[in-house]
Amino acid sequence: MTRQQNEFCLNKVPVEVMSCRHGIRCTEQECLYSPSHWSASSKSPNQVIETFIATMRSCYQENLLTIPMQQSVPYGDGKQVIDIWGSEADCTEAIVLFHGGYWQEGDRKLFTSPVKVLVDEGFVVACVGYDFATTISLNIVVEEATKALHFLAKRWPYKRLSVGGHSAGAHLAISALKCMEDAHRYQKIILFSGIYDLRPLLGTYIGKAIKMFEAEQSVFIDNFSLSLAEAEALSVVSLDKISAELLVVVGADESPKFKEQSQYIVENYMEKYHAMNMSDCFKISLSTMKDGRIDETQSTKESLSETKEEDSFARKRPIKRLARRSFESSSFSRSYRECKNLLNELALQIRLKAPVDKEREDYKTFTAIKLTMGDSDFEK
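Each residue of the sequence shown is one higher than the one before, starting from 687 at the first, in the working numbering.
Structure follows, in structure tokens:
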């Protein structure tokens, strides 16, 4: 929740629904979709947001000092520009990133935390800007995201392409792929704490800002407004046409609704391929980060062993298996460097390259991975 949105809650919410479980003046539904309310630190929502913005700006400035970047490459008009990090000529792999901000705020410059490690690993990274749904319909924002993916696929006809997004950016990434006839060009997808079902946002301060109103609020409706049916149409309720490898990441300390959103997308993906029973997928097995490496627990290894026994079936499917991996529930008290290392580790999983040790060899065969990571100050 931004400062402006907090002020909206303070000034506009009726007295009878003015306080959520965290003591913030908003409805419980709005609280559940406000990541800044769910910090494991003692910071206020405004402080959480300010820390996030300051950290991301610092990361952007650090990247500018060491990584070549083509700024504001246009793929359309207005905010339809892309920052391209790394050497286009030398890289054979590229990843496209969409920033979050509930389709109403944020900036491509605030989603560059994975850039350095990806460039160091031989990727060229495209951070996409887009117009906000405060001035145009969300349908048009999705069209812009689709246009950006088409533009980059045409610009890089011989590169191996991946796409990723954070929060609303995750929704845009996967929605854009669903609109593409040549979606197969993007072979891998990485989704950080995404929002895929838009219907719960109707009538909240989040939805109102992008003109998603409930029926009784029809007095506010104009040409840009979204009804329940339109919100459902914009939700990712199926994954038809999506055959790419999928990585879904959600914070262990995030709200129950954010976890449900990620579970929702994974279950839809796996149901499409009937790949495996999901009952054990979301069990959290603790692991720790040591020197930037993942140290798995025995339970995680046993899960992988069980999965490996079913490989004969997996080879007959368009995808293979869901690797059940999870991370320690870290908190906002972790240092910027620790959080950045964790985010970098997750970002690299999209590549599914040769493993760093024999124990991780199985991972290179998996195409869909569910990760539960510890929350950090990297939230909206």
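Here a beta-carbon is modelled for each residue, glycine too, at the ideal position from N, C-alpha and C.
Here the structure is a predicted model, which is why all the values come from computation and not from measurement.
Counting C-beta neighbours from all protein chains within 10 Å, is the total for D868 16 or more, i.e. buried, or is it exposed? By the neighbour-count rule (16 or more Cβ atoms within 10 Å), D868 is not buried but exposed.
What span of residues does the beta strand (DSSP E) with C717 cover, start to end? According to the DSSP assignment, C717 belongs to no beta strand (DSSP E) but to the alpha helix (DSSP H) extending over E714 to L718.
Would you decide whether R794 is buried or exposed? Buried here means 16 or more other CB atoms lie within 10 Å of its CB. R794 is buried by the Cβ-count criterion.
7 angstroms Cβ cutoff met for Y761 and I892: Cβ atoms of Y761 and I892: not closer than 7 angstroms.
Where does P754 sit, in a helix, a strand or coil, going by DSSP? Reduced to three states, the DSSP call for P754 is coil.
With S861 as the anchor, note down where its alpha helix (DSSP H) starts and where it stops. In the DSSP annotation of this structure, the continuous segment of the alpha helix (DSSP H) that includes S861 starts and ends at A854 to C865.
Note down, in chain order, each residue of its chain lying with its Cβ closer than 7 angstroms to the Cβ of L824, except the 5 sequence neighbours on either side. Taken in chain order, the residues that qualify are W789, I896, L912 and L920.
Residues near C706 by beta carbon distance below 6 angstroms, same chain, minus five either side: Only residues of its own chain outside the window of five on either side were considered, and among them C712, E714 and C717 have a CB closer than 6 angstroms to the CB of C706, listed in chain order.
If we ignore side chains and look at the alpha-carbon of each, how far apart do M755 and C865 end up? Taking the straight line joining both Cα atoms gives about 29 angstroms.
Does W842 come out as helix, strand or coil in the three-state DSSP assignment? Coil.
Just the Cα atoms here: how many angstroms apart are V811 and V801? Approximately 6 angstroms, taken between the alpha carbons.
In whole angstroms, give me the CA-to-CA distance for D883 and Y844. For the pair D883 and Y844, the Cα-to-Cα distance works out to about 34 angstroms.
Where A1075 sits in the DSSP three-state scheme: Absent from the model: residue 1075. The displayed extent of the chain is 687 to 1066, so no value can be given.
Three-state secondary structure assigned by DSSP to K927: In the structure shown, K927 falls within a coil segment according to DSSP collapsed to helix, strand and coil.
Backbone CA spacing between Q873 and G937 [nearest angstrom]: If I take the Cα positions, the gap works out to 24 angstroms.
Taking all protein chains shown into account, do 16 or more other C-beta atoms lie within 10 angstroms of the C-beta of P942, making it buried, or fewer, making it exposed? By the C-beta density criterion, P942 is exposed, having fewer than 16 other C-beta atoms within 10 angstroms.
I'd like the span of the beta strand (DSSP E) that includes E779, first residue to last. Residues E779 to F784.
Within its chain, find whatever has a CB closer than 7 angstroms to the CB of G764; leave out the 5 residues flanking it on each side and keep chain order. Spatial neighbours of G764 in its own chain (CB-CB distance under 7 angstroms, excluding positions within 5 residues in sequence) are listed in chain order as D817.
Under the DSSP definition of a beta bridge, which residues are partnered with L877? Answer is G851 and V934.
Helix, strand or coil: how does DSSP classify P800 here? The three-state reading of DSSP puts P800 in coil, since its state is none of H, G, I, E or B.
How long is the line joining the alpha carbons of I768 and Q757, rounded to whole angstroms? One Cα belongs to I768, the other to Q757, and the distance between them is close to 7 angstroms.
Do L858 and A831 have their CB atoms nearer than 7 angstroms? For L858 and A831, yes; Cβs fall inside 7 angstroms.
Measure the Cβ-Cβ separation of A740 and G787 and say whether it is below 7 angstroms. Contact annotation: A740 and G787 have beta-carbon atoms that are not nearer than 7 angstroms.
Hey, quick one: how far does the alpha helix (DSSP H) through I710 stretch, first residue to last? Going by DSSP, I710 is part of no alpha helix (DSSP H) at all; its letter is neither H nor E.
Between the C-alpha atoms of A961 and V952, what's the straight-line distance to the nearest angstrom? Annotation note: pLDDT 34 at A961 (below 50); position unreliable, no value reported.
Three-state class that DSSP yields for Y746 in the structure shown: Note: Y746 maps to helix in three-state DSSP.
By Cβ distance, which residues of its chain are closer than 7 angstroms to F837, with the 5 residues on each side in sequence left out? Listed in chain order, the non-local C-beta contacts of F837 below 7 angstroms within the same chain comprise Y761, local neighbours out to five positions each way being set aside.
Per-residue DSSP class, three states only, for I768: Three-state result, I768: strand.
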